[in-house]
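A short write-up of the structure that comes next.
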Amino acid sequence: MVKYFPPPYRIKMIEPIKLPSVERRNQAIKEANYNLFNLNSEDIFIDLLTDSGTGAMSDKQWASLMVGDESYANAKSFYRLKSVVTDLTGFSEIIPTHQGRAAENILFGYILKDKPHSFVVSNQSFDTTVGHILYNKAYPKDLVVQESKEIDTTLPFKGNMDIKRLRELLETEHQNVSVITMVLTNNAGGGQPASIENLREVSMLARQYSIPFFIDASRVIENAYFIQQRENGFREKNLKTILHEMFDLADGMWMSAKKDAYVNIGGLIALNNKTFSDHLRDRLILFEGFPTYGGLAGRDLEAMATGLSEAVEGDVIAHRINQVEFLVNRLHEEGIPVVLPAGGHAAFIDAGKFLPHIPPNQFPAQALAVELYLQGGIRSVEIGSLMFGHQEGDRFIPAPLELLRLTIPRRVYEKAHFEFIIDTLLSIKKEKDKIKGYEITEESELLRHFTCKLRPLD
Ligand SMILES: Cc1ncc(COP(=O)(O)O)c(C=O)c1O
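Throughout the sequence shown, residue numbering follows numbering that gives the first Met the number 0, covering 0 to 457 in sequence.
What follows is the structure, encoded as structure tokens:
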């Protein structure tokens, strides 16, 4: 049994939340056409939709907002952020953006400019990254280790790149690979980390074939924590040292600061190559803003700098991983099928296994998401055939797994909230055979899960 340790902070300000009445929840989900993205936040008790930008800032971060320098050009807040990021990463060229996908727009728009039909090879590109790769007429190629798809295989680094497949690909196709990336941790694959050993091998191959190697560092401090805890030889090293070892292997990084920098909005790119970074700045001015603010206010830069400095101290990250582990392990002990081991930012329930009577084309994870809302006012997110399934002629092609993601916002919920989530799932488990599937009544051509309308089947 994983022990839940007290958080390394106490509460100074609160935001009231309320469990709406059963009648209101029934009404609200109907009004939302059974799509939880359409629910108003006021109708939600515990919101586990995402960990992106939903965390609580610290007192020092809030104080940082007040000293934000709002000068258009060369504000001192930029130089503070630059010095923090350089100190953490070793990279000297720092480019702020308003969030992760803005960094992707700047970076991939430049890297892929003259390389249509090339490959962006990754352990597993996140969906906004995939969007930018395709938008630039290139192709994502994911080579995450096979074990990443096996929910019960408890390996420490299920976010690793499959080195054998990478080597084989590069032997025959290296001239068609425009960039290699590692997403740390692997959001699309359950928040699983990669090891330094794996990063070293990726880096060696990238250097052997002179292909740029970038890290998607959105949750890189969580990844560094997993390396410290799980990889031989790292127990005694602090997170900053581990981050340096990771970034020394890469040519650069980009990040959505809405995760490990503990801010509600922000992003950045960091690298060493001055010429390369000047090209990125040209695009930054076009799409985001002047190079020293990049689509953010001076106060946002300050909050990001403070958030990163605090996160790398490690105790807040350790508590967060402990929370996720507690939730995942309790669900596992209670016989609810979950992806193992616990990743960094969410628990993933295998709804396909939990509700075997609902076929993939009736969206078992969505059915569970609706039930979790109806019974507990809890919003979660389907990561299954509603998100990734599609029709090929008459044939329905399901997602590889029917997952329900319970994503944990940073520093927001307490142990009692987790107990409530577990109790609600246990009460659902008792009558789970009665849960019915859903059909889509209206959908958009792209990314249908955000806006589609659904109907319960009789
Ligand atoms: C791994 C990863 N990369 C990129 C992004 C995109 O970042 P943003 O939502 O800030 O645009 C996300 C967001 O969830 C992410 O998890």
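Beta carbons are placed, not taken as given, at the ideal position from N, Cα and C, and that holds for glycine.
field: Proximity to residue 64 [Cα-Cα], best of 53, 72, 79 and 51
entry: The candidate whose alpha carbon is nearest that of residue 64 is 79.
- request: Give me the Cα-Cα distance between residue 382 and residue 73, rounded to the nearest whole angstrom.
  value: Taking the straight line joining both Cα atoms gives about 42 Å.
task: Answer with buried or exposed for residue 406, where buried requires no fewer than 16 other C-beta atoms within 10 angstroms of its C-beta.
output: It counts as buried.
task: Leaving aside the five residues before and after residue 448 along the sequence, list all residues of the same chain whose C-beta is less than 6 Å from its C-beta, in chain order.
output: Same-chain partners within the cutoff: 385 and 386.
- prompt: Which stretch, first to last residue, makes up the alpha helix (DSSP H) that contains residue 108?
  reply: For residue 108, the enclosing alpha helix (DSSP H) has its first and last residue at 99-110.
Beta-carbon gap between residue 16 and residue 44 smaller than 7 Å: Result yes, Cβ atoms of residue 16 and residue 44 sit closer than 7 Å.
Which listed residue (11, 326, 81 and 133) has its alpha carbon closest to that of residue 58: Residue 11 is the option with its Cα nearest to residue 58.
field: Neighbour-count burial assignment, residue 0, 16 or more Cβ in a 10 Å radius
entry: Classification of residue 0: exposed, given that the 10 Å Cβ count is below 16.
message: Pull the bridge partners of residue 39 from the DSSP assignment, please.
response: Per DSSP, none; premise fails for residue 39.
message: Rounded to the nearest angstrom, what separates residue 53 and residue 307 at their Cα positions?
response: Rounded to whole angstroms, residue 53 to residue 307 spans 16 Å at the Cα level.
message: Taking the alpha-carbon of residue 234 as reference, which of 313, 178, 329 and 27 has the nearest alpha-carbon?
response: Minimum Cα distance to residue 234 is reached at 313.
Sequence-distant residues of the same chain with beta carbon closer than 7 Å to residue 270, five excluded per side: Around residue 270: 90, 92, 250, 251 and 276.
task: Would you mind working out which of 9, 281, 244 and 290 sits nearest residue 96, comparing C-alpha positions?
output: Ranked by Cα distance from residue 96, the options 9, 281, 244 and 290 are led by 290.
field: Beta-carbon separation (whole angstroms), residue 446 vs residue 333, contact threshold 8 Å
entry: Rounded, the Cβ-Cβ distance is 33 Å, inconsistent with contact.
message: Between residue 202 and residue 248, how many whole angstroms is the CB-CB distance? I'm expecting something under 8 Å.
response: The pair is a contact, with the Cβ atoms about 4 Å apart (cut-off 8 Å).
query: From residue 113 to residue 182, what distance separates their C-alpha atoms?
result: Taking the CA atoms as reference points, residue 113 sits about 24 Å from residue 182.
task: Would you mind reading off the limits of the alpha helix (DSSP H) that contains residue 306?
output: For residue 306, the enclosing alpha helix (DSSP H) begins and ends at 297-310.
DSSP-derived helix/strand/coil call for residue 31: Shown here, residue 31 sits in coil according to DSSP, grouped into three states, outside any helix or strand.
field: Cut-off 8 Å between Cβ atoms - residues of its own chain near residue 337, not counting five sequence neighbours on either side
entry: Result list for residue 337: 150, 327, 330, 331, 346, 347, 348 and 349, in chain order.
task: Starting from the N-terminal side, write out each stretch of the beta strand (DSSP E) that is 3 residues or longer and does not extend beyond the region 203-277.
output: The region 203-277 contains, as complete beta strand (DSSP E) runs of 3+ residues, the segments 212-215, 251-255 and 266-270 (chain order).
Local conformation of residue 320 per DSSP, three classes: Residue 320 falls in the helix class under three-state DSSP.
query: So what's residue 187 in DSSP terms, helix, strand or just coil?
result: Three-state result, residue 187: helix.
query: So what does DSSP say about residue 441, is it helix, strand or coil?
result: Here residue 441 sits in strand by DSSP.
task: Within its chain, find whatever has a CB closer than 8 Å to the CB of residue 416; leave out the 5 residues flanking it on each side and keep chain order.
output: Closer than 8 Å at the Cβ level, and outside the excluded window around residue 416, lie 45.
Residue 455 - partner residues in DSSP beta bridges: The beta-bridge partner set that DSSP reports for residue 455 consists of 437.
- request: Determine the burial state of residue 40: buried for a count of at least 16 other Cβ atoms within 10 Å of its Cβ, exposed for fewer.
  value: By the neighbour-count rule (16 or more Cβ atoms within 10 Å), residue 40 is not buried but exposed.
message: By alpha-carbon positions, which one of 27, 229 and 67 ends up nearest to residue 196?
response: Nearest to residue 196 by C-alpha distance, out of 27, 229 and 67, is 229.
Chain-order list of residues whose beta-carbon lies under 7 Å from that of residue 66 (same chain, five-residue window excluded): The answer, listed in chain order, is 301.
Distance, residue 435 Cα to residue 419 Cα: Residue 419 and residue 435 have their C-alpha atoms some 23 Å from each other.
Option in 9, 2, 261 and 354 with minimal Cα separation from residue 408: Considering only alpha carbons, the answer is 261.
- request: Ignoring anything shorter than 4 residues or poking outside the region 357-410, list the alpha helix (DSSP H) runs there in chain order.
  value: Taking only runs of at least 4 residues, the alpha helix (DSSP H) segments lying wholly in the region 357-410 are 363-375 and 384-387.
message: Within the continuous beta strand (DSSP E) that includes residue 17, where are the two ends?
response: First-last for residue 17: undefined, no H or E at that position.
message: To the nearest angstrom, how far is the alpha carbon of residue 372 from that of residue 423?
response: Rounded to the nearest angstrom, the gap between the Cα atoms of residue 372 and residue 423 is 10 Å.
task: Return the bridge partner residues of residue 140 from the DSSP annotation.
output: For residue 140, the pairing in a beta bridge is given by DSSP as 120.
Nearest residue (CA-CA) to residue 155, options 268, 324, 365 and 225: Residue 225 is the option with its Cα nearest to residue 155.
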